[in-house]
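Here the working numbering runs 12 ahead of the position in the sequence shown, where the first position is 1. A virtual CB, placed ideally from N, CA and C, is assigned to each residue, including glycine. Take a look at the structure below.
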Amino acid sequence: MTVSERPQANTSPSQASIGSAWIIVCSGTYLIYLALNREHAKLDFKFIFLSSRNWHLQVAKSQSRPRADRRQH
Numbered sequence: 013m014t015v016s017e018r019p020q021a022n023t024s025p026s027q028a029s030i031g032s033a034w035i036i037v038c039s040g041t042y043l044i045y046l047a048l049n050r051e052h053a054k055l056d057f058k059f060i061f062l063s064s065r066n067w068h069l070q071v072a073k074s075q076s077r078p079r080a081d082r083r084q085h
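This is the structure we're talking about:
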């Protein structure tokens with residue numbers, strides 16, 4: 013992999029680290045919320061799971077497509 017040809021390659025590891033940190037923050041927030049009130053925690057966990065999964069799908073789509081395809085859409 014030559015980084016000089018694709019300067020955008022520098023952004024993909026940072027996106028992955030931001031995503032993992034975001035999941036850690038969400039899970040920590042969920043644990044705190046679970047300790048506070050356990051009734052609504054399941055709904056929040058579904059929301060956190062769906063939002064994190066959607067984010068991973070967006071990252072996977074953006075990484076799998078070449079840059080030329082992104083300009084057309």
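Can you tell which of the options has its C-alpha closest to the C-alpha of residue i?
i, options, result
"Leu-43", "Ile-60, Ile-30 and Gly-31", "Ile-60"
"Ile-36", "Ala-72, Lys-73, Gln-75 and Ser-64", "Ser-64"
My output table needs one value for residue i: the three-state DSSP class, helix, strand or coil.
i, result
"Asn-66", "helix"
Should residue i be labelled buried (16 or more other beta-carbon atoms within 10 Å of its own) or exposed?
i, result
"Thr-14", "Confidence at Thr-14 is low in this model, with a pLDDT of 49, below 50, so the placement of that residue is unreliable and no value is reported for it."
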